[in-house]
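Asks:
Numbering (this note's numbering), first residue to last: 59 to 736.
1. Take residue 364 as the anchor and find which of 183, 312, 399, 384 has the nearest alpha-carbon.
2. Provide the residue span of the beta strand (DSSP E) that contains residue 380, from first to last.
3. If distances are taken between C-alpha atoms only, which option among 174, 387, 424, 409 comes closest to residue 258?
4. Determine whether the beta carbon atoms of residue 226 and residue 119 lie at a separation below 7 Å.
5. Measuring CA to CA, which of 519, 621, 729 is closest to residue 158?
6. So is residue 136 buried or exposed if we call it buried at 16+ other beta carbons inside 10 Å?
7. For residue 374 versus residue 269, is the C-beta distance shorter than 7 Å?
8. In its own chain, which residues sit with a C-beta less than 7 Å from the C-beta of residue 413, not counting the 5 before and 5 after it?
9. Which whole-angstrom value is the C-beta distance of residue 332 and residue 281, which I expect to be below 8 Å?
10. Taking all protein chains shown into account, decide if residue 370 is buried (16 or more other Cβ within 10 angstroms of its Cβ) or exposed.
11. Among the candidates 321, 511, 288, 271, whose CA atom is the shortest distance from the CA of residue 305?
12. Any chance you could list the alpha helix (DSSP H) runs of at least 4 consecutive residues sitting entirely within the stretch 640-726, in chain order?
13. Would residue 673 be called buried (16 or more neighbouring beta carbons within 10 Å of its own) or exposed?
14. Can you tell me where the alpha helix (DSSP H) holding residue 404 begins and where it ends?
15. Can you find at least 3 beta carbon pairs, one from the stretch 381-392 and one from the stretch 201-208, that sit closer than 8 Å?
16. If you draw a straight line from the alpha carbon of residue 727 to that of residue 134, how long is it in whole angstroms?
17. Closer than 8 Å is the cut-off here; do at least three beta carbon pairs connect the stretch 114-133 with the stretch 591-600?
18. Which of the three DSSP states is assigned to residue 414 in this structure?
19. Let me know the secondary structure DSSP gives residue 616 once reduced to three states.
20. How big is the Cα-Cα spacing for residue 121 and residue 145?
21. Run the CB neighbour count on residue 102, radius 10 Å, all protein chains shown included, and call it buried at 16 or more, exposed below.
22. Quick one: measure Cβ to Cβ for residue 454 and residue 436, integer angstroms, because I've assumed they're closer than 8 Å.
23. Could you name the residues that DSSP lists as bridge partners for residue 636?
24. So does the stretch 506-523 actually touch the stretch 483-490, counting three or more Cβ pairs closer than 8 Å?
25. How long is the line joining the alpha carbons of residue 69 and residue 338, rounded to whole angstroms?
26. CB-CB under 6 Å to residue 624, same chain, minus the five flanking residues each way: which ones, in chain order?
27. Leaving out five residues on either side along the sequence, give the residues of the same chain with a beta carbon under 7 Å from the beta carbon of residue 464.
28. Could you tell me which of 653, 361, 478 sits nearest to residue 390, measuring between CA atoms?
29. Under 7 Å, do residue 276 and residue 239 count as touching if we go by C-beta distance?
30. For residue 456, which of 613, 696, 329, 106 has the nearest alpha-carbon?
31. Smallest Cα separation from residue 309: which of 701, 392, 362?
32. Using three-state DSSP, classify residue 167 as helix, strand or coil.
33. Among the candidates 211, 139, 140, whose CA atom is the shortest distance from the CA of residue 168?
34. Checking 7 Å against the spacing of the C-beta atoms, do residue 527 and residue 470 come in under that value?
35. Quick check for students: name the residue ranges of the beta strand (DSSP E) that lie wholly in the stretch 545-592, counting only runs of 3 or more.
36. Among the candidates 196, 232, 237, 346, whose CA atom is the shortest distance from the CA of residue 217?
So this is what it looks like as structure tokens:
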């Protein structure tokens, strides 16, 4: 079964996969031959899951454990201050260069806030003040922090603990919120809730997009679903009040996560799904007319904090909304092919071989789900459930209709008018939302099949999975075969068909362990397991930057002929850098460089920035949607009063020609730092 796939993947690189599969196998044997003891262990773990999770969180944070790929910086700066500290950084796994939004942008921005004393406005990344809540929702000492528990480690303990707190907190809550959601959807079916938890938590999409955007949206969405359900059904007064305040805080956090590509659809889906579950379980509702003040408290807290923030910082919101990218972008959908509705066969293989010719790992990754199969089968399932009088049919209908709307948007598209009216114009990542919904639908379908005997005839449990597998075979193409061996693709398809057959034959126990094995292979090794922040702080250049930044906190730094991640590395070590990744234009700097607004179309966007020096007039080139190159005349360096330049090039001649006196004050690992005098 899943052992074949596990052994093949393990042979490629990952010993950890064999260990994980061994754990799954041991659990399977224990559950099979020691049912009573296993049941007690599961019951105890289930009962105390939140205290256990808290203990795990404390232990992990105390050891400074995280999953960031900041170790990539060691490739840029191979010389270390403390070699032992460098060797001790990675516990296991591999740093992912392709996840530059995490290690090259998100983490440095968060680290820069330590040197900015966690103020709302920062000049660490540009001459104009940047709103740090809008900038990857970075840690800020403000009321908005009550809705962002993942950031409390930064605010309380600084960068090293903050990084661990962020990763560990998100990872643990990802699995717990998913588990609680499926416990509600499956009416406390523990096995299938655990399966759903793994299908979400270890999905390639979630792991490859873990930080900064996608995962946090779905954590908040699932958390709000869980809180909302218990808000109306909890019997104990203490739980009711806990849900009241948690709802307010979660709404704040979700609203300020600021990724409408997934945020809007996630909010719609969980809202409708929550309504469906409350209708299904209306006899459990304890909310009375006398408790409307609880909703008022939620509205007062969440509305007050969000309203105050929007009122105070509307100008920054306006800047983002008026950017060319992403502010004025309008998505109308369309263009997706049939095979893109299915799990991408490369998803499981991505951690083991770089798919450079196919695209980035994040873009190629998908959830592992059986959504298309159950979309086709739902009419039959719906009739069966109606005959049985099962109220869960409503939940399935909600998911079914939602998926159809998502598919129409993805494949056929909306008109511009309809996209604007429905607000789908903000949704350029519908595939991620569709796959998450399809995963939820898959688990719901498994639950319905396990609950009701006779939903499918015996021949159907063989023929339908076989047809599904045959359809999958048609998606294999030459380009994918050049990246991934045909044998592994066939094994994947056979495995998916087998899981479907087991589930439809109501052998849900075997299907559950097979899925657990697949998810371990697909998601467990995507991100490394590391401790500490040595790759950012443990280099001679790091120490030099921090020392200069401490002695000259107002000095401006700039990079020339380097990658954009070097700009952000400088910022992460405390210096004020011109040209760091910007979420909206640094208006003060562009006023100096482009007074006539000639290049506004190029730089009015979220942008990674690189700088080269030229003797001609300063110009700006748009490389791709989120990347610009500034061809800067050295005379403009004087306008910005740059004190230090970090570069890989000899700049003596070009700077001297423009009456700038450069003095080389540092050189190592191919990088030079010039101190400028005018």
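Every residue gets a Cβ at the ideal spot worked out from N, C-alpha and C, and that includes glycine.
Replies: A quick look at the data gives this:
1. On the chain shown, position 306 is the one that residue 364 refers to. Of 183, 312, 399, 384, the residue nearest in Cα terms is 312.
2. By one-based count along the chain shown, residue 380 stands at place 322. Looking at the DSSP string, residue 380 is not in any beta strand (DSSP E), and its letter there is neither H nor E.
3. As a working note, residue 258 is residue 200 in the chain shown. Looking at the Cα atoms, 424 is the closest of the given residues.
4. Residue 226 sits at position 168 when you count from the first residue of the chain shown. Residue 119 sits at position 61 when you count from the first residue of the chain shown. Closer than 7 Å, so yes.
5. Residue numbering aside, residue 158 sits at position 100 when the chain shown is read from its first letter. It is 621 whose Cα lies nearest to the Cα of residue 158.
6. Position 78 of the chain shown holds residue 136. With fewer than 16 Cβ atoms within 10 Å of its Cβ, residue 136 is classed as exposed.
7. Taking the first residue of the chain shown as 1, we reach residue 374 at position 316. Taking the first residue of the chain shown as 1, we reach residue 269 at position 211. No; because the gap between Cβ atoms is not below 7 Å, this pair is not in contact.
8. Walking along the chain shown from the start, residue 413 turns up at place 355. So the list reads 404, 419, 422, 541, once near-sequence residues are dropped.
9. For this step, residue 332 is matched to residue 274 along the chain shown. For this step, residue 281 is matched to residue 223 along the chain shown. Rounded, the Cβ-Cβ distance is 12 Å, inconsistent with contact.
10. Translated into positions along the chain shown, residue 370 becomes position 312. Under this definition residue 370 is an exposed residue.
11. For the purposes of this step, residue 305 is identified with residue 247 of the chain shown, where counting begins at 1. With distances taken between Cα atoms, residue 305 lies closest to 288.
12. 645-651, 658-661, 693-698, 710-715
13. Stepping through the chain shown from its first residue, residue 673 is reached at position 615. Per the 10 Å Cβ criterion, exposed.
14. Sequence index remark: in the chain shown, residue 404 carries index 346 (1-based). Neither: residue 404 is in no alpha helix (DSSP H) and is coded neither H nor E.
15. no
16. By 1-based counting over the chain shown, the position of residue 727 is 669. By 1-based counting over the chain shown, the position of residue 134 is 76. Cα-Cα distance, rounded: 8 Å.
17. yes
18. Counting from 1 along the chain shown, the entry for residue 414 is found at position 356. The answer is coil: DSSP assigns residue 414 none of H, G, I, E or B.
19. As a first step, residue 616 is located in the chain shown; it is residue number 558 there, counting from the start. Correct three-state label for residue 616: strand.
20. Reading the chain shown from its first residue, position 63 is the one you call residue 121. Reading the chain shown from its first residue, position 87 is the one you call residue 145. Answer to the nearest angstrom: the Cα atoms are 16 Å apart.
21. Within the chain shown, residue 102 is the residue found at index 44, counting from 1. Exposed, because fewer than 16 other Cβ atoms sit within 10 Å of the Cβ of residue 102.
22. If you number the chain shown from 1, residue 454 lands on position 396. If you number the chain shown from 1, residue 436 lands on position 378. Residue 454 to residue 436, Cβ: 6 Å. Contact.
23. The residue labelled residue 636 in the question sits at position 578 within the chain shown. Looking at the DSSP assignment, residue 636 forms a beta bridge with 616.
24. no
25. Numbered from its first residue, the chain shown carries residue 69 at position 11. Numbered from its first residue, the chain shown carries residue 338 at position 280. Here the model assigns residue 69 a pLDDT of 48, short of 50, so the residue's position is not dependable and the matter cannot be decided.
26. The count along the chain shown starts at 1 and reaches residue 624 at position 566. For residue 624, where only same-chain residues beyond five positions count, the Cβ hits under 6 Å are 617.
27. As a position in the chain shown, residue 464 is number 406, starting the count at 1. The answer, listed in chain order, is 488, 491, 492, 495.
28. Residue numbering aside, residue 390 sits at position 332 when the chain shown is read from its first letter. Selected option, being the one with the closest Cα: 478.
29. Locating residue 276 in the chain shown gives position 218, where the first residue counts as 1. Locating residue 239 in the chain shown gives position 181, where the first residue counts as 1. Against a cut-off of 7 Å, the Cβ pair of residue 239 and residue 276 comes out as no contact.
30. Position 398 of the chain shown, counted from the start, is the residue given in the question as residue 456. Among 613, 696, 329, 106, the Cα nearest to that of residue 456 belongs to 329.
31. Along the chain shown, one-based indexing puts residue 309 at 251. Nearest C-alpha to residue 309: 362.
32. Residue numbering aside, residue 167 sits at position 109 when the chain shown is read from its first letter. Here residue 167 sits in helix by DSSP.
33. Here residue 168 corresponds to residue number 110 of the chain shown, with the count starting at 1. Per the Cα distances, 211.
34. Looking up residue 527 in the chain shown gives position 469. Looking up residue 470 in the chain shown gives position 412. No, they are not a contact pair.
35. 587-589
36. For the purposes of this step, residue 217 is taken as the residue at position 159 of the chain shown. The residue with the shortest Cα to Cα distance from residue 217 is 196.
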